[in-house]
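Okay, so the sequence shown: first residue is 47 according to this note's numbering, each after it adds one. Yeah, the Cβ is synthetic: ideal placement off N, Cα and C, and Gly gets one too. Before any comments, here is the structure.
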Amino acid sequence: MQIEGLSINLATIREQCGFAEAVDVCLKHGITAIAPWRDQVAAIGLDEAVRIVRANGLKLTGLCRGGFFPAADAAGRHKAFDDNRRAIDEAAALGADCLVLVVGGLPGGSRDIDRARRMVEEGIAAVLPHARAADVPLAIEPLHPMYAADRACVNTLGQALDICEAVGPGVGVAIDVYHVWWDPDLANQIARAGRMKAILAHHICDWLVPTRDMLTDRGMMGDGVIDLKGIRGQIEAADFFGAQEVEIFSAENWWKRPAEEVIATCVERFRSCC
Numbered sequence: 047m048q049i050e051g052l053s054i055n056l057a058t059i060r061e062q063c064g065f066a067e068a069v070d071v072c073l074k075h076g077i078t079a080i081a082p083w084r085d086q087v088a089a090i091g092l093d094e095a096v097r098i099v100r101a102n103g104l105k106l107t108g109l110c111r112g113g114f115f116p117a118a119d120a121a122g123r124h125k126a127f128d129d130n131r132r133a134i135d136e137a138a139a140l141g142a143d144c145l146v147l148v149v150g151g152l153p154g155g156s157r158d159i160d161r162a163r164r165m166v167e168e169g170i171a172a173v174l175p176h177a178r179a180a181d182v183p184l185a186i187e188p189l190h191p192m193y194a195a196d197r198a199c200v201n202t203l204g205q206a207l208d209i210c211e212a213v214g215p216g217v218g219v220a221i222d223v224y225h226v227w228w229d230p231d232l233a234n235q236i237a238r239a240g241r242m243k244a245i246l247a248h249h250i251c252d253w254l255v256p257t258r259d260m261l262t263d264r265g266m267m268g269d270g271v272i273d274l275k276g277i278r279g280q281i282e283a284a285d286f287f288g289a290q291e292v293e294i295f296s297a298e299n300w301w302k303r304p305a306e307e308v309i310a311t312c313v314e315r316f317r318s319c320c
């Protein structure tokens, strides 16, 4: 029985499965929407990944990831542009709904976060013509402020939407509850994103208390403190009804369990908690 409205980001079972095996597990549980990572695609080869996607009628709610635009010099920035253009081409080949952008943090040796954010905007503007030509929307994913230095200097939905407005059509946002649930202005910014028609993806997991590792201790839905149903209600009120994409990094828990168990739990929690 096919499950509507649920997508699995393949990071959720990356330690247990390669691309093909992950697809098989998802299909066994009635899930026909996925979001792979570029390294998972590269491991099996883009052509084979495309074949698997087409043969199984899969929907890709996103491809992870592009971004990491800030760099200490022009050569580094242009290297990032080239890599993002390749990522756009991969997303186009796979038929992904969007390319998710983790925009990057401070260049080495820098303390200028404002300049890093300008480099992000400049970088997105530089690759946007390629994305438009390939018909691949770019989804800026704001990350929790704890990642501002090393992974993403865009940390609120409002900041991401400001960039969308600055660079123009072809750019939207991926709203990952893990990163934005704490924001006191979240409801207003989700409504703003709806008016802009900018919501491209909705990622779900949960925030554990305590969180033991800031990167690899995300919780299964229902095990933490995020108001998943409340945020989903705001997102649907903003006219986005796309799949909820489970993305869990869990080095000491879910990555150690059998993939079948993990995906079965995702289905159960999606139905009961989301």
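Indicate the three-state DSSP secondary structure (helix, strand or coil) for R100 in the structure shown. Within the sequence shown, numbered from 1, the residue matching residue 100 stands at position 54. Helix.
D263 - partner residues in DSSP beta bridges: Your numbering for residue 263 matches position 217 in the sequence shown. Its beta-bridge partners are S296.
Are there three or more Cβ pairs, one per stretch, closer than 8 Å when the segment 122-141 is compared with the segment 88-99? yes
Along the chain, where does the alpha helix (DSSP H) that runs through G204 open and close? For the purposes of this step, residue 204 is taken as residue 158 along the sequence shown, with counting starting at 1. Where G204 is concerned, the enclosing alpha helix (DSSP H) stretches over L203 to V213.
Suppose the cutoff is 8 Å on Cβ atoms and the five residues either side in sequence are ignored; what does the same chain contact list for I80 look like? The residue given as residue 80 occupies position 34 in the sequence shown. The answer, listed in chain order, is S53, I54, N55, L56, A68, V69, C72, L104, K105, L106 and T107.
Would you call F316 buried or exposed, if buried means 16 or more other Cβ atoms sit within 10 Å of its Cβ? Taking the sequence shown and counting its residues from 1, the one referred to as residue 316 is at position 270. With 16 or more Cβ atoms within 10 Å of its Cβ, F316 is classed as buried.
On the three-state DSSP scale, how would you describe R111? By 1-based counting over the sequence shown, the position of residue 111 is 65. Looking at R111 - three-state DSSP - the assignment turns out to be strand.
So what does I407 bridge to, in DSSP terms? With the chain covering only 47 through 320, there is no way to say anything about residue 407.
Residues in the same chain with beta-carbon distance under 7 Å from G76, minus the five sequence neighbours each way, listed in chain order, please. As a first step, residue 76 must be located in the sequence shown, where it is residue number 30. Around G76: M47, Q48 and I49.
What are the residues that DSSP puts in a beta bridge with I250? Residue 250 sits at position 204 when you count from the first residue of the sequence shown. BP columns for I250 point to V292.
The segment 275-294 in contact with the segment 249-256 per 3-pair CB rule at 8 Å: yes
Cβ shell of Q205 (< 8 Å), same chain only, five flanking positions each side left out: For this step, residue 205 is matched to residue 159 along the sequence shown. Here the set comprises R163 and P188.
For E282 and A305, the rounded distance between their alpha carbons: Locating residue 305 in the sequence shown gives position 259, counting from the first residue. Locating residue 282 in the sequence shown gives position 236, counting from the first residue. In a straight line, the C-alpha of A305 is about 30 Å away from that of E282.
For the alpha helix (DSSP H) containing D160, name the first residue and the last one. The sequence position of residue 160 within the sequence shown is 114, counting from 1. Looking at the DSSP string, the run of the alpha helix (DSSP H) that includes D160 is I159 to A180.
Suppose the cutoff is 6 Å on Cβ atoms and the five residues either side in sequence are ignored; what does the same chain contact list for A195 look like? On the sequence shown, residue 195 is found 149 positions in, with the first residue counted as 1. Correct list, in chain order: G151 and L152.
Have a look at K302 and T58 and give me their C-alpha separation to the nearest angstrom. For the purposes of this step, residue 302 is identified with residue 256 of the sequence shown, where counting begins at 1. For the purposes of this step, residue 58 is identified with residue 12 of the sequence shown, where counting begins at 1. Using only the alpha carbons, I get a separation of about 11 Å.
Apart from the five residues on each side of it in sequence, which residues of its chain come closer than 7 Å, Cβ to Cβ, to A66? Position 20 of the sequence shown holds residue 66. Taken in chain order, the residues that qualify are I90 and I98.
For the candidate residues D231, T202 and P215, whose alpha-carbon lies nearest to that of D222? On the sequence shown, residue 222 is found 176 positions in, with the first residue counted as 1. Selected option, being the one with the closest Cα: T202.
Nearest candidate by alpha-carbon position, reference L274, set T262, P215, A233 and F295: The count along the sequence shown starts at 1 and reaches residue 274 at position 228. Looking at the Cα atoms, A233 is the closest of the given residues.
If you draw a straight line from the alpha carbon of L327 to that of R111, how long is it in whole angstroms? With the chain covering only 47 through 320, there is no way to say anything about residue 327.
Distance, G155 Cα to F287 Cα: For the purposes of this step, residue 287 is identified with residue 241 of the sequence shown, where counting begins at 1. For the purposes of this step, residue 155 is identified with residue 109 of the sequence shown, where counting begins at 1. Their Cα atoms are separated by approximately 42 Å.
Answer with buried or exposed for S318, where buried requires no fewer than 16 other C-beta atoms within 10 angstroms of its C-beta. The count along the sequence shown starts at 1 and reaches residue 318 at position 272. So S318 counts as exposed.
Starting from the Cα of I134, find the closest Cα among A121, A172 and V308 and give me that residue. As a first step, residue 134 must be located in the sequence shown, where it is residue number 88. For the residues A121, A172 and V308, the minimum Cα distance to I134 belongs to A172.
Going by DSSP, what residues sit across from D129 in a beta bridge? Stepping through the sequence shown from its first residue, residue 129 is reached at position 83. None; D129 has no bridge partner.
Around the C-beta of A212, are 16 or more other C-beta atoms found within 10 angstroms, so that it is buried, or is it exposed? Counting from 1 along the sequence shown, the entry for residue 212 is found at position 166. Under this definition A212 is an exposed residue.
D222, DSSP secondary structure in three states: Residue mapping note: residue 222 aligns to position 176 of the sequence shown, counting from 1. Correct three-state label for D222: strand.
Whose C-alpha, out of D208, G240 and V313, is nearest the C-alpha of G268? The residue labelled residue 268 in the question sits at position 222 within the sequence shown. Checking every option, the nearest Cα to that of G268 belongs to V313.
May I ask which residues mark the beginning and end of the beta strand (DSSP E) holding R185? Counting from 1 along the sequence shown, the entry for residue 185 is found at position 139. According to the sequence provided, residue 185 is Ala. The question's Arg does not apply to it. Its beta strand (DSSP E) spans residues L184 to I186.
Helix, strand or coil for G268, going by three-state DSSP, please let me know. Numbered from 1 along the sequence shown, position 222 holds the residue referred to as residue 268. Coil, per DSSP.
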